[in-house]
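S.K.:
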Amino acid sequence: MRNLLQFFVKYRVVFLFILLEAISFLFIFQYNNFHRVKFLNSSNRVTGNILNRYSSSVEFLSLRKVNEELAEENARLLIENMIMAEQLATFETDSQFTQVDTLTQILSAKVINNSTNKYYNYITINKGRKDGVVPDMGLICPDGIVGVVINASDHFSLALSVLNSRWSINAKLLDTNYFGSLRWEGKNPRIATLFEIPFHVEVNYGDTIVTSGYSSIFPEGLMIGVVSEVVEVKGDNFQELKVELSTNFSNLTYVNIVGDRLKEELKKLEKETINE
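To convert a position in the sequence shown, counted from 1, into our numbering, add 496.
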């Protein structure tokens, strides 16, 4: 305490000067309109800059939540678009059943691990059994199909990526409905191969490839990619189509998890029929 008093006594002139300066500025801004306006403008500018930086910091910190909300909204809109497309097809064909009627959209998930440079690539997402995720559910994104869940823990799931040569997808040409088996051959992460397309089928560059619907993983009509090359196989009745994948696996951040309510019933029926 004594040292503090000695400090004030030693620098009393400086403190007196600061006090008189403050009083002078107070009188100037209080009774001089020009200086008061200038001061207010300057203080507002400084305060505005501080608040703007603070707001930018808050927005940056909240980007994760915003991204998650946008992913959930994209998932909802994607399913609604699929339902509308199926309803339109139902109206045109006068059918009373649509495939998306059996589709369950679970939720959006964040990709926390993903590889594209291996022969067998996998994707890990941050949703698991406690979120309702089980094996054989499909992963999709707004650009197209992504993979299929093969294992799930309480809070995480592991999925086969489309970029996994152990997995093939039933796909078809959108215009002609000819279908075959699509598989990634372990080379270019943007190119897969569609096999078993009959040789007589006319295929053009840029033709759209979509899911066929002949599985309980993906509904019909989900985007896979476009034809980038047609390969004639000598001595074979089929041709191979190189497909440029619509999904860019190199910047995959969020996916949507989908399943089929009637999958177990379908599996049971097929198993019983085969056993018979």
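Yeah, the Cβ is synthetic: ideal placement off N, Cα and C, and Gly gets one too.
1. Do the region 732 to 739 and the region 677 to 689 meet, that is, are 3 or more Cβ pairs less than 8 angstroms apart?
2. Measure the Cβ-Cβ separation of Trp680 and Leu659 and say whether it is below 8 angstroms.
3. Could you compute how far the alpha carbon of Val754 sits from the alpha carbon of Gly640?
4. Considering only residues of the region 642 to 722, which uninterrupted beta strand (DSSP E) runs meet the minimum length of 3 residues and lie entirely inside it, listed in chain order?
5. Please work out which residues of its chain come closer than 8 angstroms, Cβ to Cβ, to Asp671, disregarding the five sequence neighbours upstream and downstream, and give them in chain order.
6. Report yes if the CB atom of Asn448 is closer than 8 angstroms to the CB atom of Tyr710, and no otherwise.
7. If you measure between the beta carbons of Leu635 and Gly643, is that distance less than 8 angstroms?
8. Could you pull out every residue in the same chain whose Cβ sits closer than 6 angstroms to the Cβ of Glu725, ignoring the five residues on either side in sequence?
9. Give the single residue among Asp632, Phe675, Ser664, Asn610 whose Cα lies nearest to the Cα of Ser708.
10. What number of angstroms, rounded off, separates the C-alpha of Val722 from the C-alpha of Val699?
11. Can the beta-carbon of Thr612 be found closer than 8 angstroms to that of Phe652?
12. Who are the near neighbours of Lys623 in its chain, counting only those whose CB is closer than 7 angstroms to its CB and skipping five residues on each side?
13. Spell out the partners DSSP gives Leu737 in its beta bridges.
14. Looking only at its own chain, which residues have a Cβ that is under 8 angstroms from the Cβ of Ser661, when we skip the five neighbours before and after it?
15. Would you please state the rounded distance, in angstroms, between the beta carbons of Lys734 and Ile693? I believe it to be under 8 angstroms.
16. Beta strand (DSSP E) containing Asn617: first to last residue?
17. Let me know the secondary structure DSSP gives Ser742 once reduced to three states.
18. What residue range does the beta strand (DSSP E) around Asn752 cover?
19. Would you kindly check if the distance between the Cβ of Ser664 and the Cβ of Ser649 is under 8 angstroms?
20. Beta-carbon within less than 7 angstroms of Pro631's beta-carbon, same chain only, minus the 5 sequence neighbours each way: which residues are those?
21. When burial is assigned at 16 or more other CB atoms within 10 Å of the CB, is Phe714 buried or exposed?
22. Whose C-alpha, out of Met633, Asn673, Ile608, Leu512, is nearest the C-alpha of Ser712?
23. Please report the distance separating the alpha-carbon of Lys785 from that of Glu517.
24. What is the C-beta distance between Thr749 and Val607, in whole angstroms, given that I count them as a contact (C-beta under 8 angstroms)?
M.R.: Looking at the atomic coordinates:
1. Touching, per the Cβ criterion.
2. Yes, the pair counts as a contact, with Cβ atoms nearer than the cut-off.
3. Cα-Cα distance, rounded: 13 angstroms.
4. Whole beta strand (DSSP E) segments, 3+ residues: 653 to 660, 664 to 669, 675 to 679, 687 to 694, 704 to 707.
5. Excluding sequence neighbours, Asp671 sits near Asp703, Thr704.
6. This structure cannot settle anything about residue 448, because the visible part of the chain is limited to 497 through 772.
7. For Leu635 and Gly643, yes; Cβs fall inside 8 angstroms.
8. Shown here for Glu725: same chain residues with a beta carbon closer than 6 angstroms to its own, the five before and five after excluded, namely Lys738 in chain order.
9. When Asp632, Phe675, Ser664, Asn610 are compared, the shortest CA-CA separation from Ser708 is found for Phe675.
10. Those two C-alpha atoms are separated by around 11 angstroms.
11. For the 8 angstroms CB-CB criterion, Thr612 and Phe652 do not form a contact.
12. Answer for Lys623: Leu603, Ala605, Val629, Ser653, Ile753, listed in chain order.
13. Leu737 is bridged to Leu690, Val726.
14. Within the same chain, Ser661 has close Cβ partners Tyr615, Tyr616, Arg679, Trp680, Glu681, Gly682.
15. In the sequence on display, residue 734 carries Phe and not Lys. By a beta-carbon distance limit of 8 angstroms, Phe734 contacts Ile693. Their separation comes to about 6 angstroms.
16. First-last of the beta strand (DSSP E) with Asn617: 616 to 621.
17. In this structure, Ser742 counts as coil in the three-state DSSP scheme.
18. Looking at the DSSP string, the run of the beta strand (DSSP E) that includes Asn752 is 750 to 756.
19. No, these two residues do not count as a Cβ contact at 8 angstroms.
20. Leaving aside the five residues that flank Pro631 on each side, the residues in its chain whose CB is nearer than 7 angstroms to its CB run, in chain order, Val645, Ile646, Asn647, Ala648.
21. The residue is buried, with at least 16 neighbouring Cβ atoms inside 10 Å.
22. Nearest of Met633, Asn673, Ile608, Leu512 to Ser712, Cα basis: Met633.
23. Summary: the structure shown does not reach residue 785, with the chain confined to residues 497 through 772, and so no result is reported for it.
24. Sure, about 6 angstroms apart at Cβ, within 8 angstroms.
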